[in-house]
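Peer 1: Residue numbers (full-length UniProt numbering): 1 to 669.
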Amino acid sequence: MALSDIRISAKVNFGFGAVLALLGLVGIMGYNSLGTADDNFQTYRGIARETNSIGRIQANVLKIRLDAKDFLINADEHDITNLKDAAKTADAVIAELLKDVHDPDQINKIKTIDKEMDLYTATFDKVADLRKKENDLTDNRLGKSGPELEKALTALMDASMKDGDGDMAVRVGTALRDSLIARLYAQKFLIAGSEDFHKRVLAELNGAGSVLGEIMPRLSGRRLQLASQAQTALDAYITGYAELHATNTERRRLVHEILDKVGPKVADLVEAFKLGLKSQQDELGPRASAAVHSARTTVMTAGIIAFILGIGAAFLIGRGITGPVNAMTRAMGILAGGDTSVAIPATGQKDEIGEMAQAVQVFKDNAIRVTAMQKEQEEAKARAEAERRQAMLNMADNFEAAVMGLVKSVAAQATEMQATAQGMSAAADQGNAQASTVAAAAEQATANVQTVAAAAEELSSSISEISRQVAQAAQISKTASDETARTNTMVQGLAAAADKIGEVVNLINDIASQTNLLALNATIEAARAGDAGKGFAVVANEVKNLANQTGRATEEISNQIGAVQEETRRAVEAIGSIGTVIEQVRQISSGIASAVEEQGAATQEIARNVQQAAQGTQEVSSNIGGVSEAASSTGAAANDVLVAAGDLSKNSEKLSSEVNTFLSRVRTG
Numbered sequence: 001m002a003l004s005d006i007r008i009s010a011k012v013n014f015g016f017g018a019v020l021a022l023l024g025l026v027g028i029m030g031y032n033s034l035g036t037a038d039d040n041f042q043t044y045r046g047i048a049r050e051t052n053s054i055g056r057i058q059a060n061v062l063k064i065r066l067d068a069k070d071f072l073i074n075a076d077e078h079d080i081t082n083l084k085d086a087a088k089t090a091d092a093v094i095a096e097l098l099k100d101v102h103d104p105d106q107i108n109k110i111k112t113i114d115k116e117m118d119l120y121t122a123t124f125d126k127v128a129d130l131r132k133k134e135n136d137l138t139d140n141r142l143g144k145s146g147p148e149l150e151k152a153l154t155a156l157m158d159a160s161m162k163d164g165d166g167d168m169a170v171r172v173g174t175a176l177r178d179s180l181i182a183r184l185y186a187q188k189f190l191i192a193g194s195e196d197f198h199k200r201v202l203a204e205l206n207g208a209g210s211v212l213g214e215i216m217p218r219l220s221g222r223r224l225q226l227a228s229q230a231q232t233a234l235d236a237y238i239t240g241y242a243e244l245h246a247t248n249t250e251r252r253r254l255v256h257e258i259l260d261k262v263g264p265k266v267a268d269l270v271e272a273f274k275l276g277l278k279s280q281q282d283e284l285g286p287r288a289s290a291a292v293h294s295a296r297t298t299v300m301t302a303g304i305i306a307f308i309l310g311i312g313a314a315f316l317i318g319r320g321i322t323g324p325v326n327a328m329t330r331a332m333g334i335l336a337g338g339d340t341s342v343a344i345p346a347t348g349q350k351d352e353i354g355e356m357a358q359a360v361q362v363f364k365d366n367a368i369r370v371t372a373m374q375k376e377q378e379e380a381k382a383r384a385e386a387e388r389r390q391a392m393l394n395m396a397d398n399f400e401a402a403v404m405g406l407v408k409s410v411a412a413q414a415t416e417m418q419a420t421a422q423g424m425s426a427a428a429d430q431g432n433a434q435a436s437t438v439a440a441a442a443e444q445a446t447a448n449v450q451t452v453a454a455a456a457e458e459l460s461s462s463i464s465e466i467s468r469q470v471a472q473a474a475q476i477s478k479t480a481s482d483e484t485a486r487t488n489t490m491v492q493g494l495a496a497a498a499d500k501i502g503e504v505v506n507l508i509n510d511i512a513s514q515t516n517l518l519a520l521n522a523t524i525e526a527a528r529a530g531d532a533g534k535g536f537a538v539v540a541n542e543v544k545n546l547a548n549q550t551g552r553a554t555e556e557i558s559n560q561i562g563a564v565q566e567e568t569r570r571a572v573e574a575i576g577s578i579g580t581v582i583e584q585v586r587q588i589s590s591g592i593a594s595a596v597e598e599q600g601a602a603t604q605e606i607a608r609n610v611q612q613a614a615q616g617t618q619e620v621s622s623n624i625g626g627v628s629e630a631a632s633s634t635g636a637a638a639n640d641v642l643v644a645a646g647d648l649s650k651n652s653e654k655l656s657s658e659v660n661t662f663l664s665r666v667r668t669g
């Protein structure tokens with residue numbers, strides 16, 4: 001079948017129907033592409049929410065570890081409350097995250113994090129109980145028996161000095177020194193946890209016990225009672241310290257074997273989960289942007305193809321109509337000029353133009369007949385002319401009704417389709433811009449969370465230097481310093497007393513020498529007196545013997561005084577060593593204070609970076625909302641394209657102009 005055999009209405013419907021079908025197919029493809037982009041952005045939003053949740057979990061894990069370190073330093077009940085609050089918050093976020101996550105691997109990772117956090121908090125509860133027990137032993141058991149031991153030994157040393165028993169005073173001073181050193185190294189053990197300090201404590205306590213066991217058989221009365229009190233206090237201190245050592249060792253074991261390992265493990269698990277989410281974001285972001293770009297390209301391509309096909313359809317249909325119509329117009333003009341020899345075109349066509357050509361052929365035949373009968377039938381000619389004129393007008397009206405309605409409808413729908421296509425393109429541009437903003441916000445959130453991890457690492461290294469609260473160390477140092485000063489004063493008094501006793505012994509020795517000399521002179525005088533001086537000689541000899549005994553006694557006393565002075569000198573040296581150790585304790589306290597300052601600075605750095613991370617996450621959420629709106633707008637534009645595509649017609653103005661020209665010529669003859 002030739003194209004000229006198809007009716008004009010069928011040509012128009014078929015041509016533009018094909019264009020509309022193509023536009024409908026492309027529109028559906030664009031709509032599906034936008035749906036895929038919307039799904040990507042919804043997935044991206046879900047990942048962003050998961051990233052926000054894991055960031056909150058990471059912040060609470062850091063807070064839990066920080067509160068645990070603070071409690072180990074300060075033993076403050078407020079730190080326990082803060083830790084439990086942070087643990088509850090983390091558990092709530094984990095429960096919420098488990099509802100949002102559907103990937104089995106991610107669910108297992110989250111459950112592992114939750115399990116390790118439960119182990120950490122349960123172990124911390126045990127550590128907290130042990131720490132409370134340590135404080136109770138330190139404050140109530142050792143804090144009571146230690147001063148009682150010191151008080152009893154000090155009173156025993158004072159009593160020995162008053163009784164003139166210098167050797168006993170020195171021995172008691174040695175026991176006092178050992179007990180003070182034991183108490184000092186007990187505090188150093190609590191600070192550092194070194195077994196060398198523990199062994200030193202046991203050695204000093206054994207030394208003090210040995211001295212008490214040695215001197216108690218030599219004592220009686222009040223001094224024996226004081227020694228018994230000292231022994232009781234020493235036994236209580238030894239028992240309390242043994243329990244304190246066991247408690248402290250168990251607490252340090254839990255901290256070292258569980259808290260110090262589980263804490264970093266949880267942090268690493270959270271960091272790995274966060275990096276997994278970042279990897280998904282890095283993959284999904286470009287994919288979502290590509291989907292938006294594809295949707296935009298599809299819409300633009302559909303518009304261009306529709307434009308080209310519309311022009312082609314208008315050209316083909318217009319040429320198929322205007323060519324024969326123009327030829328028909330020319331033939332009708334010639335025929336109207338009276339030239340009946342002109343050939344009528346398109347008489348073989350089976351469309352509306354063919355019908356019109358056949359009608360013109362009738363006019364031609366009538367014209368020929370009219371010309372032949374012109375002279376005879378002027379009236380018939382006039383009637384035939386009128387009939388021809390009316391037929392032409394009717395034909396033009398019919399043609400206008402058949403063609404112009406389609407042309408106007410196509411023109412209106414073409415305008416609507418162009419406006420809709422522009423709306424779809426603008427919406428796609430907006431979606432692409434929002435996707436770029438989302439990617440930038442995600443990069444900012446990732447950078448801030450990495451800063452949080454670096455600040456947390458700096459905080460952990462600072463806190464590891466701290467093992468005992470500064471306030472208690474300072475108080476212990478002050479107490480030990482006061483006790484050392486008082487003991488030093490007592491030992492100095494003992495040394496002064498020994499010096500005075502030495503002076504008295506020297507005086508006695510001088511008196512004995514003078515007495516011996518007088519006895520010698522008396523013996524000489526008695527010898528000179530003969531028998532009359534024998535009795536005096538006996539007395540002089542007794543005086544001489546007494547002087548010799550006094551000399552030997554004073555010599556022995558001098559030796560004892562020398563021993564006392566030597567022990568006193570050793571006691572002074574020991575007290576000086578104690579002062580040196582106390583200075584070391586004060587230096588440790590200064591180091592702890594510096595570490596606490598580093599902890600404060602690191603904590604502020606964490607707070608600032610967590611706040612920046614929250615701001616970045618908020619920007620991600622807001623940008624994702626904008627992307628969703630852009631995708632919705634683009635989808636609406638795609639629907640408008642599908643609706644407008646049903647009546648599309650491009651470039652109909654040329655066809656309308658040609659048809660109007662034709663009708664004008666037909667009506668004007």
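Note that the Cβ used here is the ideal one computed from N, Cα and C, for glycine as well.
Which same chain residues end up closer than 7 angstroms to residue 201 when comparing Cβ atoms and leaving out the 5 residues on each side of it in sequence?
Peer 2: Excluding residues within five positions, the ones whose Cβ falls inside 7 angstroms are 182, 185, 186, 189, 241.
Peer 1: Suppose you measure from the CA of residue 143 to the CA of residue 204; what does that come to, to the nearest Å?
Peer 2: Roughly 18 angstroms separates the two Cα atoms.
Peer 1: Measuring CA to CA, which of 321, 271, 128, 212 is closest to residue 69?
Peer 2: Considering only alpha carbons, the answer is 128.
Peer 1: Where do the ends of the alpha helix (DSSP H) carrying residue 163 lie?
Peer 2: Counting along the chain, residue 163 falls outside any alpha helix (DSSP H), and DSSP gives it neither H nor E.
Peer 1: Specify the secondary structure class of residue 134 as computed by DSSP and reduced to three states.
Peer 2: In the structure shown, residue 134 sits in a helix (DSSP, three-state: H, G or I).
Peer 1: Can you list, in chain order, the residues of its chain whose CB lies under 8 angstroms from that of residue 116, leaving out five sequence neighbours each side?
Peer 2: Cβ within range, chain order: 262, 265, 266, 269.
Peer 1: When we look at the beta-carbon of residue 345 and count the other beta-carbons within 10 Å, is it buried (16 or more) or exposed?
Peer 2: Its Cβ being crowded by 16 or more others within 10 Å, residue 345 is buried.
Peer 1: Helix, strand or coil, according to DSSP, for residue 168 in the structure here?
Peer 2: Residue 168 falls in the helix class under three-state DSSP.
Peer 1: Considering only heavy atoms of the ligand ATP, does any lie closer than 7 angstroms to the CB of residue 342?
Peer 2: The ligand ATP is not among the ligands present in this structure, which contains no ligands whatsoever.
Peer 1: Drop a sphere of 10 angstroms on the beta-carbon of residue 559, count the other beta-carbons inside from all chains shown, and report buried for 16 or more, exposed for fewer.
Peer 2: When all chains shown are included, residue 559 counts as exposed.
Peer 1: Less than 8 angstroms between the CB atoms is what I'm expecting for residue 101 and residue 57, so what's the real figure, rounded?
Peer 2: About 12 angstroms separates the two Cβ atoms, so there is no contact after all.
Peer 1: How is residue 156 classed by DSSP in three states: helix, strand or coil?
Peer 2: Reduced to three states, the DSSP call for residue 156 is helix.
Peer 1: Tell me whether the segment 72-87 and the segment 309-324 touch, counting them as touching only if at least three CB pairs, one residue from each stretch, are closer than 8 angstroms.
Peer 2: No: the two stretches stay apart, fewer than three of their Cβ pairs being nearer than 8 angstroms.
Peer 1: So residue 236 and residue 145 are supposed to be a Cβ contact under 8 angstroms. How far apart are they, rounded?
Peer 2: That belief holds up - the Cβ atoms of residue 236 and residue 145 are roughly 4 angstroms apart, short of 8 angstroms.
Peer 1: Can you tell me which of the three DSSP states residue 144 falls into?
Peer 2: The answer is helix: DSSP assigns residue 144 an H, G or I state.
Peer 1: Taking C-alpha atoms, which residue in 276, 290, 216 lies nearest to residue 109?
Peer 2: For the residues 276, 290, 216, the minimum Cα distance to residue 109 belongs to 276.
Peer 1: Apart from the five residues just before and just after residue 46, which ones in its own chain have a Cβ nearer than 8 angstroms to its Cβ?
Peer 2: Closer than 8 angstroms at Cβ, skipping near neighbours: 100.
Peer 1: At the level of alpha carbons, what is the spacing between residue 10 and residue 287?
Peer 2: Distance between the alpha carbons of residue 10 and residue 287 is about 45 angstroms.
Peer 1: Let me know the secondary structure DSSP gives residue 375 once reduced to three states.
Peer 2: If DSSP states are grouped into helix, strand and coil, residue 375 belongs with coil.
Peer 1: Leaving out the 5 sequence neighbours to the left and right, which residues in its chain are closer than 8 angstroms to residue 343 when beta-carbon positions are compared?
Peer 2: Correct list, in chain order: 331.
Peer 1: Kindly indicate the opening and closing residues of the alpha helix (DSSP H) around residue 204.
Peer 2: From DSSP, the alpha helix (DSSP H) with residue 204 extends over 195-215.
Peer 1: Looking at residue 103 and residue 82, is the spacing between their C-beta atoms short of 8 angstroms?
Peer 2: No.
Peer 1: Starting from the C-beta of residue 153, find all residues in its chain whose C-beta is less than 7 angstroms away, skip the five residues before and the five after it, and write them out in chain order.
Peer 2: Closer than 7 angstroms at Cβ, skipping near neighbours: 172, 175, 176, 179, 230.
Peer 1: What residue range does the alpha helix (DSSP H) around residue 225 cover?
Peer 2: Here the alpha helix (DSSP H) through residue 225 covers 221-254.
Peer 1: State buried or exposed for residue 113, treating a residue as buried only when at least 16 other CB atoms are found within 10 Å of its CB.
Peer 2: Answer is buried; the Cβ neighbour count reaches 16.
Peer 1: List the whole-angstrom C-beta distance separating residue 302 from residue 30, where the pair is believed to meet the contact cut-off of C-beta under 8 angstroms.
Peer 2: Indeed they touch by this definition, with Cβ atoms about 6 angstroms apart.
Peer 1: With C-beta atoms as the reference, is residue 672 less than 8 angstroms away from residue 149?
Peer 2: Since the first residue shown for the chain is 1 and the last is 669, residue 672 is missing from the structure and cannot be characterised.
Peer 1: Using only CA atoms, which one of 309, 63, 321 lies nearest to residue 356?
Peer 2: Cα-wise, what sits closest to residue 356 is 321.
Peer 1: What's the gap between the Cα of residue 78 and the Cα of residue 124?
Peer 2: Approximately 14 angstroms, taken between the alpha carbons.
Peer 1: Alpha helix (DSSP H) containing residue 89: first to last residue?
Peer 2: Looking at the DSSP string, the run of the alpha helix (DSSP H) that includes residue 89 is 77-100.
Peer 1: In this structure, does DSSP put residue 370 in helix, strand or coil?
Peer 2: Three-state result, residue 370: helix.
Peer 1: What's the gap between the Cα of residue 35 and the Cα of residue 295?
Peer 2: Rounded to whole angstroms, residue 35 to residue 295 spans 9 angstroms at the Cα level.
Peer 1: Buried or exposed, going by whether 16 or more other CB atoms sit within 10 Å of the CB of residue 71?
Peer 2: The residue is buried, with at least 16 neighbouring Cβ atoms inside 10 Å.
Peer 1: In three-state DSSP terms, what is residue 123?
Peer 2: It is helical.
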